[in-house]
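Peer 1: Right, I'll just put the structure down here and ask away after.
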Amino acid sequence: MEVALNNNKFLSNIATNDGHGENSPYFDGWKAYDTNPYHPQNNPTGVIQMGLAENQLCFDLIQEWIGRHPQASICTPQGDFGFKEIAIFQDYHGLPQFRAAIANFMSRVRGSRVKFDPDRIVMSGGATGAHETLAFCLANPGEAFLVPTPYYPGFDRDLKWRTGVQLLPVVCESSNNFNVTLEALEKAYDNATESNIKVKGLLLTNPSNPLGTFFDKETLETLVSFINDKNIHLICDEIYAGTVTSHNEFVSIAEILQESPNICKHNLIHIVYSLSKDMGFPGFRVGIIYSYNDTVVNIARKMSSFGLVSTQTQHMVASMLLDNDFVVKFINESRTRLENRHDMFTRELAQVGIGSLESNAGLFFWMDLRRFLKESTFESEMAFWRIIINEIKLNVSPGSSFHCSEPGWFRVCFANMDDETVTVAVSRITSFVLKNKMLEIKTKAKKQCWQKNLHLNLSSRRLEDILSPHSPLNSPMLRAQN
Amino acid sequence: MLSAKITCNSHGQDSSYFIGWEAYEKNPYDEIKNPNGIIQMGLAENQLSFDLLESWLQNNPQPAAFKNHNDQSIFKELALFQDYHGLPAFKNALVRFMSDIRGNTVTFNPNNLVLTAGATSANETLMFCLANPGDAFLIPTPYYPGFDRDLKWRTGAEIVPIQCSSLNGFRITKSALEEAYKQAEKQNLKVKGILVTNPSNPLGTSLSLHELDLLVNFISTKNIHLISDEIYSGTVFNSPSFISIMDVLKNRNLVNTEIAKRVHIVYSLSKDLGLPGFRIGAIYSNDELVVSGATKMSSFGLISSQTQYLLSEILSDNKFTKMYLSENRRRLKERHEMLVQGLQKSGIRCLQSNAGLFCWVDMRHLLSSKTFEGEIELWKKIVYEVGLNISPGSSCHCSEPGWFRVCFANMSEEILVLAMQRVITFVESTVKKNSQSRHQQLLNRNASRRTKSLPKWVFELSFQRELIATDER
C-alpha cells in the first residue's frame, strides 16, 4: 500500500484516477465472460457474450473478396503500390486512395444521398481516438459537452479522461421512447450555465447506442437549430449508419446540411465514423473525423499523428471499398442479415413476454426488463443483472452503465454470434422466464404494436391479470404507468 | 469557439524542420523529371534494407494474406481482435527482437510492454502517465523537433533543455543536468523526469557508460523518471557497441528496485525496420501502474491487428531477424562512410558517430555570421540554391549555431553521390566569396604573411583551418 502511495506521487493525476472508466459495471460483465466463455463443444454451459457490440454477420463475404483480391493484402513488389512505398508512407493526410475509398463508402452507406469530400477525411485511432481528438479541438479543460442519456459508456473515457472536458447528461425518458426533446436540451444547458460550466457542444450518436433507434429528420433539424442558436458544436457519431435494417432509411446530418444549407453554420458540424461496426473491423483501428470546419480538419489532422491508420490497413481498405460492386452488395446483404437476426430475436423474446424498445438499427436491443426487478432501483437492477450473468449465463449490459435515468433497461447484443448460439441464448432466456413462473404471454409481434407502447403488448384482460394483487409483477413502475 | 490547443502552435509545425519538408514537397528531385529539384536529406528514414523484407514476404506470403501456417484464413479473428493487451505472439516476438538488438545481454518481459501507434503516441502517452500539466521533463539538446509536439502539445507538460556543447562532443555532463534542474526550479516548474534518445537524434551517437551512470545517479537523487527513447537502437553500426539503460540497471544491481521502476523505454519499428507507415510503437516499463495506465490509454492509438500479425510472423523468424540486423548495420555503416567522406572532400566535418540514419554536420565555418540568423541564412541557401533539404540545428534546439542534421539512409547511392557533388560545388563558391572579403581583412591584419608564392589550394585549406581555430575558442 505504501509503495502504491509513493507511486501515486510519481505518476500523473490522469494515470492514477478513475477516468479510464474501467471500474464501471459495463466491464464487469466482460470479466465474467472472460473467465467462463461459452463454447458449443468445449464449454456449453459458459457465459454467452451479449455485451459486445460487434458485427460478425458478413465475414464470409469479406473473406471471399480477400481471397479473390490477393493484391489488396499482400503488398507485392509488382503491384502499383509496392510494399516499400506503403511501408514508408507516414503522411498524416493518409493514402489518397484510402480517403477516396472512405468517402465513397460513407456515401453509399447513406444510399448515395450525399457525397463526402475526401479532403475532409481525417484519420484517427478508431472512433475512440476520433472522439478524444475532437474534444481536444473543440473544448478546453473544464468545459462541457451535452450528451443524451442513455449513452455509450466509453464516452466517459474518450471525451473526458485526458482532456479534462466534462460530459453533462440530457436526460431522456422511456415515457416518450427516450427521444431527445428540446425541453430536455434546454434544461441541461441551463443547468450547466447555472453551475458556471461553459457548454461547447452536443454529442449525438445516431443511430443510437444503446437504443438502436435513429433520429427522424424533424428531430435532427430541431437539434441542429438548437446548437446553432446556442452557437455550440454538434458532434454526430454515425458509427452505426450502415446497420440500419432494410426498408428503413437513416437520415445523416450530412443530408440535413445538403438539403438545408442555411439551417446552421457548417463550421459547427463534425461527424465521427469508423469501420468497426458497419464492416466488423474493430481490430483494424479505422477511425474517421469528418468536419465541416476547415480549422478543425487542419488541426485534427496534425493530432492524427497520435493515432494514424497503419498504411498496410489503409491499402487494404482502399482496395476493398473502391470496389463498388462489392460495396453495394455488402451493404445490402449486411442490412438484410441484420434485419433477419433482429427479427428472429424480437419474435422469440416476445413469445415469452420480453419487450424491447422498437428499433431499426444498431447491433443490439434496448431490452425492457423492468418487471423483473424487485424494486425500481439501480440496486435491484444490479442484483438482477448478476442473476442474468450467473444463472442465465448471458453477459448483457445494465442500463445504469449507460447512465440511463431509469432502472430496468439492458442492452443485449445480437450480431456477434452465429445462428446456433442465438438459439442457445434464446432458449436460456425462455427457460428462465418459464422457470420463474413469469407469465408466458403470446403476443402478436407486429411492429406497430411496439410503436408507442413500451410495455408488454397485451389484451386488456391480461393487463388486469398482471395488476392483480396476487401477481408477482405488481411493480410500482407498472402501477405508476397506469 | 475552438479550444486553446487549436489556436496555439505547440504542434510545432511552424518550425523550419517542417518548412524544409514543404519546400521539398513543392520541388522534389527526380532523376528524370526534375533533376534540379531538392534532394530530401531531412527525413530520417531507413530505406536501405527493403529488399530483405520484400524477399521474406515473397517466401512467406501467408501472413500478409491473413493466413496462418495451415494456410487457413484468420481474417475474421484478426478483424475482431481489439484487445489493448495486444497480440501475444507479436509482443513475444517484439521483446525477443529488442533483446537481440542488445546482444541478448538483457531480456524483456512481454507483460511489461504496451503497444502504441508509433513512438509518437508512445512518448505522448508516457507524458500523460508521468506528468501533470505544467510539470517538466529535462531533455539534452540538440533533440528531435517532434518532441515539442509529442511531449507538450496536448499534455500541457513542459520541456527544459539540458544544454550540451560541441566542446565535449555534445555529451551530457553532471553540471549541465544540474543547471537544467535549477532552470526548471527558477521557472517554477516541477521536474518529473529526464528524456534521452539513445542513440541520439540528431547526433547519431550512443550514450556512453559514463553518461548513463550520471543519469541513473541523477534520477536516483532527485527521485524522478528516466525515459530512454531507444528507437535507433538497431542502427548502431560501429563501436562503441550500444549500451541500453537496462544494461546499466542490471550491472548496477538495480533491477527490481524503486529506481528501475522509474526507468521507461520507448521503441518503434519505424527506424530499425524502416516501417514508419505501419505505426508500430511500444512502451516498456518496470512499473506495473505505468504499464496498466498506458495500456488503457493505448486505446486511443492501437496498432492494427493486421500489422501486429504480419510483424509477429516476421520477427518470430529468428534466422531472418539475425541476418537482417547484421546486414542492415553493414549497409548503414557503408552509407555513413560515404557521407562522411563526401563531406570531408568539401572540408566539412561531422561529429564522430556510430549510429542513426544521419550525421551531425559542422558547417560553422560556412556561416556568414556566427548567429542563428546566419544559420538560417546558410540553411536557406542550402535548401533553395544547393537543392538539399537538411535540418538546421536550431530546429533541434541546438545551443550553438552552424550545425546541421543530414540524413543518409533515405535515398539511393547515386542520389547521395549527386548530393555530395552539389555540396562541393557550393562550398568552393562560398569559400571563394568569403575568402575574397576576408582575404583583404587578413592581409590588413597580418601584413607580413607571405601567401602569393603558395598554390591557391594550400592557402584555402589553411585559411579554413584558421577560421575553424577562431571558432573553437
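Quick note, the sequences are listed as chains A and B, same order. According to the numbering used here, the first sequence is numbered sequentially starting from 1. According to the numbering used here, the second sequence is numbered sequentially starting from 1001. The beta-carbon is built from N, C-alpha and C at its ideal position, and this holds for glycine as well. This one's a predicted model, so the numbers in the text were calculated from it and none came from an experiment.
Nearest by alpha-carbon distance to lysine 115 of chain A: which of A:Lys217, A:Tyr290 and A:Asn340 is it?
Peer 2: Among A:Lys217, A:Tyr290 and A:Asn340, the Cα nearest to that of lysine 115 of chain A is on A:Tyr290.
Peer 1: Spatial neighbours of valine 1290 of chain B within its chain, please: C-beta separation below 6 Å, excluding the five flanking residues on both sides.
Peer 2: Cys1129
Peer 1: Quick one: does leucine 11 of chain A have its CB under 9 Å from some CB of chain B?
Peer 2: yes
Peer 1: Check arginine 1349 of chain B in the structure and name its three-state DSSP category.
Peer 2: strand
Peer 1: Give the interface partners of leucine 1293 of chain B over in chain A, defined as CB-CB distance under 9 Å, in chain order.
Peer 2: At residue 1293 of chain B the sequence reads glycine, which differs from the leucine that was named. Chain A residues near glycine 1293 of chain B: Leu11, Ser12, Ile14, Ala15, Thr16 and His20.
Peer 1: Taking only three categories from DSSP, how would you classify lysine 446 of chain A?
Peer 2: Unreliable positioning characterises lysine 446 of chain A in this predicted model, as indicated by a pLDDT of 40, which lies under 50. The coordinate reading is nonetheless provided below. In this structure, lysine 446 of chain A counts as coil in the three-state DSSP scheme.
Peer 1: Alpha carbon to alpha carbon, how far is alanine 1419 of chain B from lysine 1381 of chain B?
Peer 2: 14 Å
Peer 1: Looking at C-alpha atoms only, which residue of A:Ala192, A:Asn248, A:Lys198 and A:Asp18 is the closest neighbour of serine 359 of chain A?
Peer 2: Comparing Cα-Cα distances from serine 359 of chain A to each of A:Ala192, A:Asn248, A:Lys198 and A:Asp18, the minimum goes to A:Asn248.
Peer 1: Extract the residue ranges of the alpha helix (DSSP H) inside the segment 1145-1185 of chain B, only unbroken runs of 4 or more that lie entirely within it.
Peer 2: none
Peer 1: I think serine 1206 of chain B touches proline 1240 of chain B, with their Cβ atoms under 8 Å apart; what is that distance to the nearest whole Å?
Peer 2: For a cut-off of 8 Å, the C-beta gap from serine 1206 of chain B to proline 1240 of chain B is around 7 Å, short enough to register as a contact.
Peer 1: On the three-state DSSP scale, how would you describe methionine 1001 of chain B?
Peer 2: coil
Peer 1: Threshold first: 4 residues or longer. Then list the alpha helix (DSSP H) segments lying entirely within the segment 279-348 of chain A, N to C.
Peer 2: Those alpha helix (DSSP H) runs which fall completely within the segment 279-348 of chain A and span 4+ residues are 294-303 and 311-321.
Peer 1: Assuming contact is defined by CB atoms lying nearer than 9 Å, are histidine 69 of chain A and serine 319 of chain A in contact in what I supplied?
Peer 2: yes
Peer 1: Taking C-beta to C-beta, are glycine 287 of chain A and valine 297 of chain A nearer than 9 Å?
Peer 2: no
Peer 1: Can you tell me the Cα-Cα spacing of methionine 50 of chain A and isoleucine 239 of chain A, whole angstroms?
Peer 2: 19 Å
Peer 1: Just to confirm, are leucine 159 of chain A and alanine 135 of chain A a CB contact at a threshold of 9 Å?
Peer 2: yes
Peer 1: Answer with buried or exposed for isoleucine 387 of chain A, where buried requires no fewer than 16 other C-beta atoms within 10 angstroms of its C-beta.
Peer 2: Isoleucine 387 of chain A should be labelled exposed.
Peer 1: Taking 9 Å as the CB-CB cut-off, is leucine 1416 of chain B touching chain A?
Peer 2: Answer no: the Cβ-Cβ gap between leucine 1416 of chain B and chain A never drops below 9 Å.
Peer 1: Compute every distance between the C-beta of alanine 135 of chain A and the non-hydrogen atoms of the ligand ADP, then say whether any falls below 8 Å.
Peer 2: No copy of the ligand ADP appears in this structure; indeed no ligand is present at all.
Peer 1: Do phenylalanine 284 of chain A and serine 1305 of chain B have their beta-carbon atoms positioned less than 9 Å apart in this structure?
Peer 2: yes
Peer 1: Span of the alpha helix (DSSP H) holding arginine 386 of chain A?
Peer 2: 378-387
Peer 1: I'd like to confirm the pairing. Which residues does DSSP put opposite proline 1028 of chain B in its beta bridges?
Peer 2: Bridge pairing for proline 1028 of chain B: B:Ile1038 [DSSP].
Peer 1: At what residues does the alpha helix (DSSP H) containing phenylalanine 1242 of chain B begin and finish?
Peer 2: Careful: phenylalanine 1242 of chain B lies outside any alpha helix (DSSP H) and carries neither H nor E.
Peer 1: Quick one: which chain A residues come within Cβ less than 8 Å of cysteine 1129 of chain B?
Peer 2: Chain A residues near cysteine 1129 of chain B: Leu11, Ser12, Ile14 and Ala15.
Peer 1: Where do the ends of the beta strand (DSSP E) carrying isoleucine 235 of chain A lie?
Peer 2: 233-237
Peer 1: Going along the chain, which unbroken runs of the alpha helix (DSSP H) with 4 or more residues stay wholly within the segment 120-174 of chain A?
Peer 2: 126-138
Peer 1: Of the residues B:Gly1169, B:Ser1073, B:Leu1115 and B:Ala1064, which one's Cα is nearest the Cα of isoleucine 62 of chain A?
Peer 2: For isoleucine 62 of chain A, the closest alpha carbon among the candidates B:Gly1169, B:Ser1073, B:Leu1115 and B:Ala1064 is that of B:Ser1073.
Peer 1: Using DSSP with H/G/I as helix, E/B as strand and the rest coil, what is glycine 200 of chain A?
Peer 2: Sequence inspection shows lysine at residue 200 of chain A; the glycine mentioned does not correspond to that position. Correct three-state label for lysine 200 of chain A: strand.
Peer 1: With 9 Å set as the bound, which would you pick, yes or no: does the beta-carbon of aspartate 1272 of chain B sit closer than that to a beta-carbon of chain A?
Peer 2: no
Peer 1: Since asparagine 1132 of chain B meets chain A, which of its residues come closer than 9 Å, beta carbon to beta carbon?
Peer 2: Ser12, Asn13 and Ile14
Peer 1: Can you pull out the residues from the segment 1077-1105 of chain B whose beta carbon lies closer than 7 Å to at least one beta carbon of chain A?
Peer 2: Leu1078, Ala1079, Leu1080, Phe1081 and Gln1082
Peer 1: Thinking just about the alpha-carbon of each residue, which of B:Ala1409, B:Gln1187, B:Cys1407 and B:His1365 is nearest to the one in proline 1401 of chain B?
Peer 2: Relative to the Cα of proline 1401 of chain B, the nearest Cα in the group B:Ala1409, B:Gln1187, B:Cys1407 and B:His1365 belongs to B:His1365.
Peer 1: Would glutamine 1040 of chain B be called buried (16 or more neighbouring beta carbons within 10 Å of its own) or exposed?
Peer 2: buried
Peer 1: For a contact defined as C-beta to C-beta under 8 Å, what are the partners of glutamate 54 of chain A on chain E?
Peer 2: The structure shown contains no chain E; its protein chains are A and B.
Peer 1: In chain B, which residues lie less than 8 Å from leucine 338 of chain A when you measure between Cβ atoms?
Peer 2: By Cβ distance, chain B contributes nothing, its closest Cβ being about 17 Å from leucine 338 of chain A, past 8 Å.
Peer 1: Short check: CB of leucine 349 of chain A to CB of histidine 233 of chain A, under 9 Å?
Peer 2: No, the pair does not count as a contact, with Cβ atoms beyond the cut-off.
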